[in-house]
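Heads up: take any position in the sequence shown, counting from 1, add 10, and you land on my numbering.
Report on the following structure.
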Amino acid sequence: MPARIAELLPTHSPALFDAAVARAAALLQAGEVVALPTETVYGLAANALDPRAVQRIYEAKGRPRHNPLIVHVAGGAMARSCTSLWPESAEALSRAFWPGPLTLVLPRSATMPDEVTAGGTTVGIRWPSHPFMQAVIRACGFPLAAPSANRANEISPTTAEHVLASLGDRIPLVVDGGAAQVGIESTVLDLTTKPVRVLRPGMIHEESLLAALASSASGGETVSESAGGEPEANLETTGGAGVLRSPGQLPRHYAPRARILVLSWRNEADLLAQLAAAGVDPTLAGVHILSHHAIPLGLGATRVCVIPHDAEAYARALYAEWHRCDALAARWIVMEALPELATWKGIADRVRRAATPDSPHRVS
Ligand code: TXA
Ligand code: MG
Numbered sequence: 011m012p013a014r015i016a017e018l019l020p021t022h023s024p025a026l027f028d029a030a031v032a033r034a035a036a037l038l039q040a041g042e043v044v045a046l047p048t049e050t051v052y053g054l055a056a057n058a059l060d061p062r063a064v065q066r067i068y069e070a071k072g073r074p075r076h077n078p079l080i081v082h083v084a085g086g087a088m089a090r091s092c093t094s095l096w097p098e099s100a101e102a103l104s105r106a107f108w109p110g111p112l113t114l115v116l117p118r119s120a121t122m123p124d125e126v127t128a129g130g131t132t133v134g135i136r137w138p139s140h141p142f143m144q145a146v147i148r149a150c151g152f153p154l155a156a157p158s159a160n161r162a163n164e165i166s167p168t169t170a171e172h173v174l175a176s177l178g179d180r181i182p183l184v185v186d187g188g189a190a191q192v193g194i195e196s197t198v199l200d201l202t203t204k205p206v207r208v209l210r211p212g213m214i215h216e217e218s219l220l221a222a223l224a225s226s227a228s229g230g231e232t233v234s235e236s237a238g239g240e241p242e243a244n245l246e247t248t249g250g251a252g253v254l255r256s257p258g259q260l261p262r263h264y265a266p267r268a269r270i271l272v273l274s275w276r277n278e279a280d281l282l283a284q285l286a287a288a289g290v291d292p293t294l295a296g297v298h299i300l301s302h303h304a305i306p307l308g309l310g311a312t313r314v315c316v317i318p319h320d321a322e323a324y325a326r327a328l329y330a331e332w333h334r335c336d337a338l339a340a341r342w343i344v345m346e347a348l349p350e351l352a353t354w355k356g357i358a359d360r361v362r363r364a365a366t367p368d369s370p371h372r373v374s
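Rendered as structure tokens:
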């Protein structure tokens, strides 16, 4: 294993927090990339206004250059400075959900380098709620470009240990801000189209977005001028077959190394029958079951994990469970199917992508 070069700084006392902010800000001002906690997943941050620093993010991650980065801000004025247009819908959504796990795609300002937007005309902006991330952005005085702090095509990190395992030999600093409180990546909403579109579902779900958009539309300014006066409080989700407006949203983007099988079972006998039909022998090691509702007992060598049957708690735990399965060299992850509810949609999206058969990250 390559040598670790990253320094790991804790933040659990006011003095440690302040020292870590100062160290992170100094490195960022010097054009370095550093891994920082956010409430969704850990981010790999660099000065969004410095093209050379942003290039370092792509190099550390091994990320394709056509995939644009999210710009993290601390405050409405900084958000507007990254855009050339701030519509009423952006105002309403940012009031409702920022700081928090929502990314708004808007027309970019001239200050945004091509390295951030991947040469496109739009920029994704998010004001994160994690106090450490906010403190670093304020200390720097510039916005931070930050994708998830993992190598390309790996599962996003929700702890500092996950980041160290993935990027510890490539970056100078990882700040430990605790386990991520949301646990999956932000909802990405494109406000440059009519209707506006969810490019990546997350824990802020469509119904909440629609409610906030409707309140702005009723303010009168965002009613679309298209035929029939259709209000802008209309929302589309880009599905697997939809147009790939968000290049990161390839079907196989998130995947643990094991094969994933999504099943729903009535009882243990039913589960055993389904596993047999799929050619999975639960008496052998390497089979891990992630359940939240119908919890099986006594399945040979199989490891059974129970995640709470609650969307928020499930999202918080999911990636850590996948990381654990990878660390234990799991061959199969059997996931109990998720409720088909708006609140679970972001989670279901990650599971669907991880279960997509052509992932290169599989043991065969
Ligand atoms: O929660 C999050 O969003 C985390 C934390 C660190 O903030 N960040 C994150 O970044 O997940 P990343 O780079 O792993 O995913 C960003 C997603 C990608 O799917 C990318 O294609 C999309 O956002 N995106 C970024 N800018 C965009 C733009 N201008 N237009 C369309 N999609 C964009
Ligand atoms: Mg990512």
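Beta carbons are placed, not taken as given, at the ideal position from N, Cα and C, and that holds for glycine.
All values reported here derive from a predicted model rather than from experimental measurement.
- In this structure, residue 70 places its C-beta atom within 8 Å of the C-beta atom of residue 177.
- Only residues of its own chain outside the window of five on either side were considered, and among them 103, 136, 196, 197, 199, 214 have a CB closer than 7 Å to the CB of residue 112, listed in chain order.
- Inter-segment contact for the stretch 184-193 and the stretch 11-25 is present: three or more beta-carbon pairs are separated by less than 8 Å.
- In its chain, beyond the 5 residues on either side, 43, 54, 56 have a beta carbon closer than 6 Å to the beta carbon of residue 67.
- Residue 100 has its CB no nearer than 7 Å to any heavy atom of ligand 1.
- The Cβ atoms of residue 121 and residue 59 sit closer than 8 Å to each other.
- For a cut-off of 8 Å, the C-beta gap from residue 206 to residue 245 is around 6 Å, short enough to register as a contact.
- Each residue's CA atom was taken as its position, placing residue 107 and residue 209 some 17 Å apart.
- Counting only residues whose CB is nearer than 6 Å to a non-hydrogen atom of ligand 2, the list in chain order is 157, 158, 166.
- Around the Cβ of residue 61, a 10 Å sphere holds fewer than 16 other Cβ atoms; the residue is exposed.
- Distances taken from the Cβ of residue 168 to the heavy atoms of ligand 1 include none shorter than 7 Å.
- The alpha-carbon separation between residue 140 and residue 192 amounts to approximately 10 Å.
- At a threshold of 7 Å, residue 138 counts as near ligand 1, since its beta carbon sits closer than that to one of the ligand's heavy atoms.
- In the displayed model, residue 136 falls within a strand according to three-state DSSP.
- If one requires a minimum length of 3 residues, the beta strand (DSSP E) runs lying completely within the stretch 100-124 are 112-117, in chain order.
- Closer than 7 Å to some heavy atom of ligand 1: that describes the Cβ of residue 51.
- Taking the Cα of residue 147 as reference, the smallest distance to any Cα among 211, 321, 48, 26 is reached at 48.
- Bridge partners of residue 206 according to DSSP: 245.
- According to the DSSP assignment, residue 91 belongs to no beta strand (DSSP E) but to the alpha helix (DSSP H) extending over 86-91.
- In the three-state DSSP reduction, residue 173 falls in the helix class (H, G or I).
- Counting of Cβ neighbours within 10 angstroms places residue 336 among the buried residues, the total reaching 16 or more.
- For residue 291, the three-state secondary structure derived from DSSP is coil.
- Among the bridge pairs identified by DSSP, residue 315 is matched with 300.
- Annotation for residue 113 indicates a beta carbon within 7 Å of some heavy atom of ligand 1.
- Pairing residue 118 with residue 211, the inter-Cα distance amounts to about 22 Å.
- In this structure, residue 215 has its CB at a distance of at least 7 Å from all heavy atoms of ligand 1.
- A direct Cα-to-Cα measurement between residue 82 and residue 332 gives close to 26 Å.
- The nearest non-hydrogen atom of ligand 1 is 7 Å or more from the C-beta of residue 333.
- Between residue 319 and residue 303, the C-beta spacing is below 8 Å.
- Taking 7 Å as the cut-off, one finds at least one heavy atom of ligand 1 near enough to the beta carbon of residue 78.
- Between the alpha carbons of residue 274 and residue 322 lies a gap of roughly 21 Å.
- By the C-beta density criterion, residue 134 is buried, having at least 16 other C-beta atoms within 10 angstroms.
- Comparing alpha-carbon positions, the option among 76, 344, 39 lying closest to residue 284 turns out to be 344.
- Nearest Cα to residue 116 within the set 353, 96, 171, 346: 96.
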